[in-house]
Amino acid sequence: MTKKSRTLSIKGRGLTSFESIMWLFTRLSALAMYALILFGLIGALVMGARNNMNFADVMRWAFMPNVTHVQSTDLESTDAWVTPFWKLTASALLLVATAHGVHGLVVIADDYIAGEGGRKFVRLLSIIMMASMSFMGLWIIWTS
Amino acid sequence: MGLKRDVSLSTGLRYRGPAGYLTFILHRIGGLGMGIFITLHILASFVGGRFGGAINGIYENWAFQIFIFFCVMFHAINGLRITILDLFPKLLDYQTEAIWIEWAVFIPLFGISVFVIMQTALGG
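Printed below as a string of structure tokens:
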């Protein structure tokens, strides 16, 4: 059996509609989240996490580098963990993850809700969710 | 907007594709699980107080930790497979092999995680 590739290159697909741009965004944001989580993990190790927290706490920090995630550890001081640098990293991760996740929920809903009105409602709901989650997340990051 | 698949929820859940249907449905469950958890977690942290504390207490349970770690690990590893194959479409011919590699990475990683979580939970 000869295998012939049935696939188109990224360029050949023509990223014209919002949905197809979001298709690419979903892939690229996944890579971005890998990079940001790895960055948080390395950052924690550079700041000496090896000596005063267990691996679960390091991962909790990596998945969202917010200081509340390391307050229950044996750190002597969390000064290095509350800098604007980490708040910016956490904000970037939050916004990328929210966009990726909310769009994912829309994709799932679209598989089960085929009506035009239902889909419009899902989109309205997703915009509300996107805005409120981003706002609340940023609020928590920058006030903690 | 002429796309009408008219697929009911139960038919959708019983979907069996030629390859990778298990990863498809687990990816979906993982994404939903994380979406619900993170939404509740952000809400609880934003509200704070007794309500927030009660909601945020749920994920200290080891059973929940195993569930959410399954969601995160599987979604991340399966997502990386999808990303690599989609960005380099020629590799899509080897999807079945890629799924085997994916399981070979996921099972040991998740197994170790479950072991560590259980050890912490039972060893106090």
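Read top to bottom, the protein sequences are chains F and Y.
Sequential numbering of the first sequence, starting at 5, is according to this note's numbering.
Sequential numbering of the second sequence, starting at 76, is according to this note's numbering.
For glycine and all other residues, C-beta sits at the position ideal for the given N, C-alpha and C.
- In this chain, the alpha helix (DSSP H) harbouring Y:Val122 covers Tyr96 to Val122.
- Under the three-state reduction of DSSP, F:Ile131 is assigned to helix.
- Ranking F:Thr102, F:Val71, F:Ser76 and F:Gln75 by CA distance to the CA of F:Phe89 puts F:Val71 first.
- Approximately 15 angstroms separates the beta-carbon atoms of Y:Ile152 and Y:Val189; this is outside 8 angstroms, ruling out the contact.
- The DSSP-derived three-state label of Y:Asp161 is helix.
- The Cβ-Cβ distance between F:Ile112 and Y:Gly123 does not fall below 9 angstroms.
- Burial state of Y:Leu97 is exposed, judged by a 10 Å Cβ sphere holding fewer than 16 other Cβ atoms.
- For the C-beta of Y:Leu107, the chain F residues within less than 8 angstroms are, from N- to C-terminus, Leu109 and Ile112.
- Cβ-Cβ separation between Y:Ile111 and F:Ile144: approximately 18 angstroms, too far for a contact (criterion under 8 angstroms).
- With its beta carbon at least 9 angstroms from every one in chain Y, F:Leu49 lies outside the interface.
- For F:Arg123, same chain residues with a beta-carbon under 7 angstroms away, outside a window of 5 residues either side, are Asp114 and Ile117 in chain order.
- Apart from the 5 residues on each side of it in sequence, F:Ser138 sits with its Cβ closer than 8 angstroms to the Cβ of Leu98, Leu99 and Thr102 in its chain, given in chain order.
- Within the region 101–125 of chain F, complete alpha helix (DSSP H) segments of at least 4 residues are not found at all.
- Shown here, Y:Gln170 sits in a helix according to DSSP, grouped into three states.
- When rounded, the separation of the alpha-carbon atoms in F:Leu19 and Y:Gly128 is 45 angstroms.
- Counting the other CB atoms within 10 Å of its CB gives F:Thr30 a total of 16 or more, which places it among the buried residues.
- For Y:Phe121, the chain F residues whose C-beta falls within less than 7 angstroms of its own C-beta are Met140, Trp143 and Ile144, listed in chain order.
- The alpha carbon of Y:Cys146 has as its nearest neighbour, out of Y:Met193, Y:Phe99, Y:Gly108 and Y:Ser120, the alpha carbon of Y:Gly108.
- In this structure, F:Ser24 and F:His104 do not form a Cβ contact; the two beta carbons are roughly 16 angstroms apart against a cut-off of 8 angstroms.
- A distance of 9 angstroms or more separates the beta carbons of Y:Ile159 and Y:Ala138.
- A Cβ of chain Y is located within less than 9 angstroms of the beta carbon of F:Gly105.
- Taking the Cβ atoms as the reference, F:Thr93 lies roughly 7 angstroms from F:Phe43, within the contact range of under 8 angstroms.
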